Ligand SMILES: NC(=O)c1ccc[n+]([C@@H]2O[C@H](COP(=O)([O-])OP(=O)(O)OC[C@H]3O[C@@H](n4cnc5c(N)ncnc54)[C@H](OP(=O)(O)O)[C@@H]3O)[C@@H](O)[C@H]2O)c1
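In UniProt numbering, the protein residues as written are 1 to 298.
This is the structure:
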């Protein structure tokens, strides 16, 4: 396994998260291969007043990939993995590490479908970044990833060493991923109401949110996550303390009429609940509504 800093790195899906990672690598002189859908001659990351330009071009044809990469960052939305699978097949060999920069707790299961020869590393992405209408990306926090503490994760940590994107190898990765998932699941309510964080100031929404989070917590614990009784209230408090006009990516996607990541963020609670015979009455109402909002018909 290659742990050298001159690792050949590819970024598949140079959107908000992919551009941030590509810019972090570029800033320290590493040159990621950019694999996307929309042709661009460069990527731009804006951090405050600072603009970082990553030279392209963004490749758009997986058939033109001549060799496998040592490390692939997969940063398409979960709804776009099928369409991006040709990139993964072209870039992945037996020694390749694929680091999945996506929300959720099912990164390994989802990628297993493609029988890739390399090793898959899930990540928790902690930073917010936003694609702008001109294709540039605004970074809205310190770039930070958590990965499980494994040898494959160390390939990722080494590649990002010394960059603005910090990596922590977490012994309790599964608990971190479930906690982040619970936060993402609640944000799904915003896509249904078309409202920003201010909506959590309503007493009825606060009650619904807490009840939903208790349901999520029961499933998370059944899956082995070690999360305390205080977690639901902490998550609700965070939404209530946020600026009332704070949005979230699932609401942005809803407003733009794009497919929603409802399955990995909300569907998963009901699905994993069924495995453990835990009833999920709130999910059973929310999930079909989110699925229909995302995928129609109508
Ligand atoms: N953004 C955040 O703040 C944030 C924070 C935490 C976690 N996440 C998670 O990170 C993941 C990525 O989110 P994101 O916000 O970075 O999404 P995004 O901005 O929509 O980026 C996705 C990128 O993938 C590209 N793409 C789509 N189909 C492709 C294909 N077939 N082949 C290659 N590239 C393709 C898109 O190209 P186009 O330019 O053509 O659309 C776009 O550049 C999601 O799971 C999200 O939930 C995001």
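All C-beta atoms, glycine included, are put in the ideal place defined by N, C-alpha and C. Note that the structure is a prediction, hence the values are computed from the model and not measured.
Cβ neighbour criterion (16 or more within 10 Å) applied to residue 124 = Walking along the chain shown from the start, residue 124 turns up at place 124. In summary, residue 124 is buried, with 16 or more beta-carbon neighbours lying within 10 Å of its beta-carbon over all protein chains present.
Might you give, ordered along the chain, the residues of its own chain that have their beta carbon closer than 7 Å to the beta carbon of residue 3, omitting 5 neighbours on each side?
-> Here residue 3 refers to the residue found at position 3 of the chain shown. Unreliable placement is indicated for residue 3, whose pLDDT of 41 sits below 50; the coordinate value is still reported in the next sentence. Within the same chain, residue 3 has close Cβ partners 154, 155 and 158.
When a residue counts only if its C-beta is closer than 6 Å to some heavy atom of ligand 1, which residues count, in chain order?
-> What you get when you keep residues with a C-beta closer than 6 Å to any heavy atom of ligand 1 is 12, 13, 14, 15, 16, 17, 18, 35, 36, 37, 38, 75, 76, 77, 78, 80, 83, 84, 87, 101, 102, 103, 125, 128, 129, 131, 249 and 261.
Under 8 Å between C-beta atoms of residue 380 and residue 127 | Outside the shown range of the chain, which is 1 to 298, sits residue 380, and nothing can be said about it.
Is there contact between the segment 27–47 and the segment 56–72, where contact requires at least three CB pairs shorter than 8 Å?
-> The segment 27–47 and the segment 56–72 touch, with no fewer than 3 CB-CB distances between them shorter than 8 Å.
Euclidean distance between Cα positions of residue 82 and residue 109 = The residue you call residue 82 lines up with position 82 of the chain shown. The residue you call residue 109 lines up with position 109 of the chain shown. Going by the C-alpha atoms only, they are around 14 Å apart.
Would you call residue 64 buried or exposed, if buried means 16 or more other Cβ atoms sit within 10 Å of its Cβ?
-> On the chain shown, residue 64 is found 64 positions in, with the first residue counted as 1. Only exposed fits residue 64, as fewer than 16 other CB atoms lie within 10 angstroms of its CB.
Whole-angstrom distance between residue 95 and residue 1, CA atom to CA atom = The residue given as residue 1 occupies position 1 in the chain shown. The residue given as residue 95 occupies position 95 in the chain shown. Any reading at residue 1 is ruled out, since the residue's pLDDT is 44, under 50, leaving its predicted position unreliable.
Check residue 179 in the structure and name its three-state DSSP category.
-> Within the chain shown, numbered from 1, the residue matching residue 179 stands at position 179. Helix at residue 179.
Below 8 Å CB to CB, which residues in the same chain sit around residue 194 once its five sequence neighbours on both sides are set aside?
-> Locating residue 194 in the chain shown gives position 194, where the first residue counts as 1. Cβ neighbours of residue 194 beyond the five flanking positions: 251, 254 and 255.
How would you write the range of the beta strand (DSSP E) that residue 137 sits in, first residue to last?
-> For the purposes of this step, residue 137 is taken as the residue at position 137 of the chain shown. 137–139 is the span of the beta strand (DSSP E), which, as asked, contains residue 137.
Is there contact between the segment 189–209 and the segment 159–176, where contact requires at least three CB pairs shorter than 8 Å?
-> No, because fewer than three Cβ pairs between the segment 189–209 and the segment 159–176 fall closer than 8 Å, the two stretches do not touch.
Outcome for residue 173 when other beta-carbon atoms lying within 10 angstroms are tallied against a minimum of 16 = Residue 173 sits at position 173 when you count from the first residue of the chain shown. Residue 173 should be labelled buried.
For residue 283, the first and last residue of its enclosing alpha helix (DSSP H) | Indexing the chain shown from 1 puts residue 283 at position 283. Taken as a continuous stretch (DSSP letters only), the alpha helix (DSSP H) holding residue 283 covers 281–295.
Name the DSSP bridge partner or partners of residue 148?
-> On the chain shown, position 148 is the one that residue 148 refers to. DSSP lists 170 as the bridge partner or partners of residue 148.
How is the beta strand (DSSP E) around residue 71 delimited, first residue to last?
-> Here residue 71 refers to the residue found at position 71 when the chain shown is read from its first residue. Unbroken beta strand (DSSP E) run through residue 71: 71–74.
Mind checking who residue 26 pairs with in its DSSP beta bridge?
-> For the purposes of this step, residue 26 is taken as the residue at position 26 of the chain shown. For residue 26, which the question treats as bridged, DSSP gives no partner whatsoever.
At a cut of 8 Å, does the segment 280–295 reach the segment 257–272 through at least three beta carbon pairs?
-> As far as the Cβ criterion goes, the segment 280–295 touches the segment 257–272, which means the pair count is three or higher.
Backbone CA spacing between residue 70 and residue 278 [nearest angstrom] = Mapped onto the chain shown, residue 70 falls at position 70. Mapped onto the chain shown, residue 278 falls at position 278. Approximately 41 Å, taken between the alpha carbons.
Taking the beta strand (DSSP E) that residue 32 falls in, what are its first and last residues?
-> Stepping through the chain shown from its first residue, residue 32 is reached at position 32. Element bounds for residue 32: n/a, residue is neither H nor E.
Whether residue 43 touches residue 56 by CB criterion (8 Å) | By one-based count along the chain shown, residue 43 stands at place 43. By one-based count along the chain shown, residue 56 stands at place 56. Contact check for residue 43 against residue 56 passes: the beta carbons are separated by less than 8 Å.
At what residues does the alpha helix (DSSP H) containing residue 9 begin and finish?
-> Along the chain shown, one-based indexing puts residue 9 at 9. Unbroken run through residue 9 is the beta strand (DSSP E), 9–12; no alpha helix (DSSP H).
Counting along the chain, where does the alpha helix (DSSP H) carrying residue 100 start and finish?
-> Residue numbering aside, residue 100 sits at position 100 when the chain shown is read from its first letter. Counting along the chain, residue 100 falls outside any alpha helix (DSSP H), though it belongs to the beta strand (DSSP E) covering 97–100.
Three or more C-beta pairs below 8 Å linking the segment 209–219 and the segment 170–189 = Verdict: yes, contact present.
Compute the Euclidean distance between the alpha carbons of residue 260 and residue 80, then round it to the nearest angstrom.
-> Walking along the chain shown from the start, residue 260 turns up at place 260. Walking along the chain shown from the start, residue 80 turns up at place 80. When rounded, the distance between both Cα atoms is 10 Å.
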